[in-house]
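Take the sequence shown: its letters are residues 11 to 574, numbered as in the numbering used here.
Glycine residues also receive a C-beta, built at the ideal position from the N, C-alpha and C atoms.
Bear in mind that the values here come from a model prediction, so they are computed numbers and not experimental data.
First up is the structure itself, then whatever we jot down about it.
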Amino acid sequence: MNYRGFHIFPAKNFRLLSSSYLISTLRVGAGLTAMLVVSSGSILLPGEVNAGATHPEGIAPTITAQAPATAAVIYVNPATGADSAGAGTTSSAPYKSISFALSQAQPGAVIQLAPGNYNQESGETFPLLLKPGVTLRGDEATKGQGILITGGGFYTSRTFARQDVTILAQQDTTIAGVTVTNPNTRGTAVWVESTNPIIKNSTFTNSVREGVFVTGTGNPKIEGNLFVQNKGNGISVVRSAQGEIRNNLFQDTGFGLSINGTSTPLVAENQIVDNQDGVYISESAKPVLRKNVIQNNKRDGVVAIGNALPDLGTNENPGGNLIRNNTRYDVNNATKTGQIIAVGNDIDQKKIFGSVDFVAATVDVPPGGPVAFKDVPANYWAKTYIEALASQNIIAGFPDGSFKPNDPVTRAQFATIITKALTPPTKRTAIKFKDVASNFWAYAAIQSAYQSEFVSGYPDGTFKPQQQIPRVQALVALANGLGLTANNQNVLSFYTDAAQIPNYAIAPVAAATARQLVINYPTAKQLNPNRQATRAEVAAFVYQALVNAGRAQPIPSSYLVTVQ
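Following this line, the structure appears as C-alpha cells:
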C-alpha cells in the first residue's frame, strides 16, 4: 500500500497517429459519457454501478439516481441552531450540529448545511456516520466554500483496521457542496467501505492523508470535486473497489490518485496537475484512464509498479489522455513484466519508460475559447485575473507559452509587478539596500516600490530580492502602499487560521480583508498567511488592488473574501 499524499474541458477530437503516418481521424466522447440524474434527496440504486474492466471497451455503464417522492429536509446551522426537539424543520429554526441531524434523519432525508464551521467546538462528534439513503448538502455552486467540516474520529474498517475519518459514507448516500478537512495524523476526509455513495461538487483540502479512501467492494461516483493540498493522496482506491472518478481536479498533493489492490475504477476527464506523481498504480490494479489531463507533476504522470496494468486506451477505445510536461516520465512502466497498452494519447514519446505499446494521438484544443497560457486551463480559478493583468502587460508568461501559475514569487518580482500595475507615487526618499546593486535587473522597481511604501527592507539594511514572498507579506505590502485601514480587526475572525497571522501584519491584513483584496483558494476561510504566494495568487491580489483603486471591474469569484 502506498500513501502519498485545472479543469480543462475534455478533448472531443483527436487524430490518431503512428510514428510516421496519419492513420485515421476518430471522434470520441459519447461512448465515454456516463449520465447522472440527480434531484433533491437522490439515492443511488444498489447493484447498478460497475466500472470494472469487464465492461465493453472499459466503459462504465450509466448510473441513475432515484429521488424519493418526498424528501425531508433537515436544516443545520452551527451559529444559530439548537440540537433540541422541534428544531431542524426550517432554516430559521435549524439544528446546531450535523451529528444531531444524522441521529434524526431517515432514509431519503436531505441535511441542508448553512455556511459555517462544523467541528468539535461547534458540537460535532467524529466520524460523522452518514446513514444509508441520506444526503449531506451544502452549496454545490461554490463547491462548498464557507461550509467547512473539520475534524476526525476513529473508525474500525473491515479491511484496514482502525482509521481516523471525518465522514463515513454508507450505502446510497450523497455528499455535495461541502469542504472537508481531516487535520489528524493519518486523517482521511471521506471513507467509503464497500458502499456506493455519490460525492460531488465539493472541496477536499489539507487532510493529512487523503481526501477520499475507497476500499472493499466500494463503488462510488466521485465527480466535479477539488482535491487540493492534501498531504497524502487526493483519492486512494484499494482492494477490489471499482467506481467512477470523473471531472475532478487533483492538485498539489503527494499522489493525485493512488490505485492499488485489484481495483478497477474508471478515471475520466480529470485534471491531475502539480502533484508528486499524477496517478500511482500498484499491486494488481487495472484502472481505466480516459480523456484526463495529467501534466506538470513533479515526478511522473502515470507510474505502474508490481503487477499493475492500467488501460490507457485500445484500438477500439482510444485513451484520449493528455499526459505531458511531467518532470521525469509521462508514463513510467516500472512493472518489469507487464506491457501497458496506450493507444490514442498525447504523450511525449521521449518520456515513456518501460514496456509501453504506444500509438500517439494529437489532442485538439478543447472547446471553450482561447487560452492565453497553455498551463492555465479554461476554468482555472485565477484565469481571469491572470489574463486581465497579462493583457495590460503587467505580468507576462514564459517563452514556451506557459505562465507557471503555481510557482513562487520573489520579492524582486513582486516589486516589479506592483510598480507596473499601480504606478505608485513617491511618499519617502529612496535608500540603498546592501544586497541590491544598481545594475540589478529589478533595481528601479525595488526603489519605486520602497519610495511608495509598498515594500520595506530588513533591519540589517538588506532587501533580500531573491527571497520568496509569503502571502501575508504580499497583502501587507498592498494594504500599506494603498493606505488602507480597517475600522476594527474583527474581520480576521473569518479566517480559521487567523492565529497564524504575525503581529506586525494584523492591522494591514484586516484592512486588506475589509477592502476585498484577499482571495483564498481552495478554501475562502483559510488564509494560509505564511505559505509562499504563487504567481496566480499575486495576480489575484494585485487585480483586487486595481479594483479597489477603481481601475478595474470586479470579477466574481467564490474564493473572494467579502466579509465586512
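Residues near residue i in its chain [Cβ-Cβ closer than 6 Å; skip 5 each side]
i, result
"asparagine 240", "Gly15, Ser217, Glu220, Gly221, Thr263"
"asparagine 257", "Glu233, Gly234, Glu279"
"alanine 508", "Leu502"
"glutamine 483", "none"
"serine 246", "Glu220, Phe223, Ser268"
"isoleucine 255", "Ile232, Pro275, Val277"
"alanine 63", "Confidence is the limiting factor: at alanine 63 the pLDDT is only 33, short of 50, which leaves the residue's position unreliable, though a coordinate-based value still follows. These residues qualify, in order along the chain: Thr274, Lys296."
"valine 202", "Ala179, Val224, Gly228, Pro230"
"tyrosine 395", "Ala549, Ala550, Tyr553"
"glycine 407", "Phe383, Phe413"
"threonine 169", "Thr225, Gly226, Arg249"
C-alpha distance - residue i paired with residue j, whole-angstrom precision
i, j, result
"asparagine 120", "tyrosine 505", "Looking at the sequence shown, residue 120 is not asparagine but valine. Roughly 28 Å separates the two Cα atoms."
"alanine 550", "serine 107", "35 Å"
"alanine 489", "phenylalanine 464", "8 Å"
"lysine 474", "glycine 244", "36 Å"
"threonine 225", "threonine 215", "20 Å"
"glycine 467", "phenylalanine 443", "7 Å"
"aspartate 347", "alanine 314", "One point to set straight first is that residue 347 is threonine, not aspartate, in the sequence displayed. Near 11 Å, if we compare the C-alpha coordinates of alanine 314 and threonine 347."
"glutamine 457", "aspartate 385", "32 Å"
"glutamine 359", "arginine 545", "30 Å"
"glutamate 397", "aspartate 149", "28 Å"
"aspartate 174", "proline 137", "8 Å"
"asparagine 497", "alanine 487", "19 Å"
"arginine 196", "glycine 187", "24 Å"
"leucine 236", "alanine 111", "26 Å"
"threonine 152", "serine 568", "6 Å"
"serine 102", "isoleucine 84", "11 Å"
"alanine 452", "threonine 433", "15 Å"
"proline 415", "proline 387", "11 Å"
"asparagine 576", "proline 539", "Outside the modelled stretch of the chain, which goes from 11 to 574, sits residue 576, for which no answer is possible."
"valine 571", "serine 250", "42 Å"
"tyrosine 339", "valine 312", "8 Å"
"aspartate 410", "isoleucine 357", "17 Å"
Residue nearest to residue i in terms of C-alpha spacing, selected from the options
i, options, result
"serine 273", "Gln305, Pro193, Phe223, Gln261", "Phe223"
"proline 320", "Asn343, Gly98, Arg309", "Asn343"
"phenylalanine 450", "Arg561, Thr426, Phe110", "Thr426"
"leucine 158", "Ala97, Arg147, Val248, Ala440", "Arg147"
"glycine 471", "Val446, Leu527, Asn194, Leu485", "Val446"
"asparagine 327", "Arg300, Thr572, Ser250, Gly311", "Arg300"
"isoleucine 362", "Ala400, Ala555, Asp310", "Asp310"
"glycine 154", "Thr533, Ala92, Pro566, Ile565", "Thr533"
Where the beta strand (DSSP E) through residue i begins and ends
i, result
"alanine 171", "171-179"
"isoleucine 441", "Isoleucine 441 -> no beta strand (DSSP E), and no H or E assigned at all."
"alanine 352", "350-357"
"phenylalanine 223", "220-225"
Cβ-based neighbour list, residue i, same chain, cut-off 8 Å, excluding 5 preceding and 5 following
i, result
"glutamine 499", "Ile516, Ala517, Ala520"
"glutamine 477", "Thr420, Arg421"
"serine 294", "Gly271, Thr272, Gly316, Asn317, Ala318, Leu319"
"proline 88", "Lys106, Ser107, Ala124, Gly126, Asn127, Tyr128, Ser132, Gly133"
"isoleucine 404", "Ile427, Lys430, Ala431, Val552"
"asparagine 307", "Gly266, Ile282, Val283, Asp284, Asn285, Gln286, Asp287, Gly288, Asn336, Thr337"
"glutamine 130", "Phe136, Gly161"
DSSP beta-bridge partners of residue i
i, result
"proline 480", "Gln542"
"proline 418", "Thr544"
"phenylalanine 260", "Phe237, Ile282"
"threonine 184", "Thr145, Ile208"
"glycine 163", "Val175"
"arginine 334", "Gln305"
"phenylalanine 265", "Asn243, Asp287"
"alanine 314", "Ile291, Asn343"
"alanine 509", "Partner(s): none; alanine 509 has no beta bridge."
"aspartate 321", "Val298"
Host alpha helix (DSSP H) of residue i (start-end)
i, result
"threonine 205", "No alpha helix (DSSP H) holds threonine 205; DSSP gives it neither H nor E."
"threonine 394", "393-401"
"glutamine 461", "453-461"
"threonine 523", "516-524"
Chain-order list of residues whose beta-carbon lies under 7 Å from that of residue i (same chain, five-residue window excluded)
i, result
"lysine 437", "Gln461, Ser462, Glu463"
"alanine 352", "Leu322, Gly323, Gly329, Val341, Val366, Asp367, Phe368"
"glycine 68", "Low confidence applies here, because glycine 68 scores a pLDDT of 42, under 50, leaving its location unreliable and the question unanswered by this model."
CB contact check: residue i to chain B, cutoff 8 Å
i, result
"asparagine 129", "Of the protein chains in this structure there is only one, and it is not chain B."
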